[in-house]
Amino acid sequence: MIFTNLDVWKEARTLVKMVYATTSLFPKEERFGLQSQIKRSVISIPSNIAEGCGRNSLKETLQFFFIARGSAYELEAQLYLSFDLNFITEEQLSSLLKQLETVRKLLGGLVNYFRAQLKSQVTQPATKNPQLNKP
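Residues 49 to 183 (our numbering) make up the sequence shown, in order.
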């Protein structure tokens with residue numbers, strides 16, 4: 049699977065651009081605080097999707113997709129905090145959350161697909177040919 053072809057990865061890149069544009073307007077004293085943490089969270093989403101696609105097993109791939117999903121929830125909390133601290137407007141928050149929800153839905157679909165693949169891999173019966181069952 050080529051991660052650059054995935055819609056979820058493309059949408060996550062759009063989210064990164066949106067977040068960077070928005071956080072560039074944060075107060076200077078937040079450069080190493082909330083702004084930095086938000087950037088790490090948003091970068092983690094497409095990065096972990098890409099890394100998951102490069103793994104050798106479905107289980108490892110899923111683990112990286114779960115990390116990306118966790119980063120998406122972390123980002124959501126940080127965006128609400130940014131709004132609470134008046135670093136972003138309600139309109140900016142809404143726009144970012146809408147894009148984040150798009151990413152989460154696509155990521156959820158990808159997770160479900162890989163879970164089904166993993167489940168079918170586990171439940172497939174062993175072949176009747178003893179030569180193919182050898183390690």
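Even for Gly, the Cβ is constructed at its ideal location relative to N, Cα and C.
Since the structure is predicted, the reported quantities are computational estimates derived from the model, not experimental observations.
Handout entry: Per-residue DSSP class, three states only, for P75
Key = By one-based count along the sequence shown, residue 75 stands at place 27. In the structure shown, P75 sits in coil (DSSP, three-state: anything other than H, G, I, E or B).
Handout entry: Which listed residue (T171, I50 and K87) has its alpha carbon closest to that of E124
Key = Position 76 of the sequence shown, counted from the first residue, corresponds to residue 124. Selection T171, I50 and K87 evaluated against E124 yields K87 as nearest (Cα-Cα).
Handout entry: Rounded separation between R152 and V56 - CA only
Key = Counted from its first residue, the sequence shown places residue 152 at position 104. Counted from its first residue, the sequence shown places residue 56 at position 8. A straight-line Cα-Cα distance of about 8 Å links R152 and V56.
Exercise for the section: With a threshold of 16 other CB atoms inside 10 Å of the CB of E108, please say whether the residue is buried or exposed. Expected result: Along the sequence shown, read from residue 1 onward, the residue named residue 108 stands at position 60. E108 is exposed by the Cβ-count criterion.
Practice task
Rounded to whole angstroms, what's the CA-CA distance from P178 to L155? Just pull it up for me.
Solution key: If you number the sequence shown from 1, residue 178 lands on position 130. If you number the sequence shown from 1, residue 155 lands on position 107. Residue confidence for P178 is low, a pLDDT of 48 falling below 50, so the modelled location carries little weight; the figure read from the coordinates is stated next. Computed Cα separation, rounded: 39 Å.
Handout entry: the region 93-103 touching the region 69-83, judged by at least three CB pairs closer than 8 Å
Key = When Cβ pairs closer than 8 Å are counted between the two stretches, the region 93-103 is seen not to touch the region 69-83, the count staying below three.
Exercise for the section: Taking all protein chains shown into account, decide if P183 is buried (16 or more other Cβ within 10 angstroms of its Cβ) or exposed. Expected result: Walking along the sequence shown from the start, residue 183 turns up at place 135. Per-residue confidence for P183 stands at a pLDDT of 48, beneath the threshold of 50, marking its modelled position as unreliable; no derived number is given.
Practice task
Helix, strand or coil for S95, going by three-state DSSP, please let me know.
Solution key: In the sequence shown, counting from the first residue as 1, residue 95 sits at position 47. Note: S95 maps to helix in three-state DSSP.
Problem - Cβ-based neighbour list, T52, same chain, cut-off 7 Å, excluding 5 preceding and 5 following - result: Here residue 52 refers to the residue found at position 4 of the sequence shown. There are no such residues.
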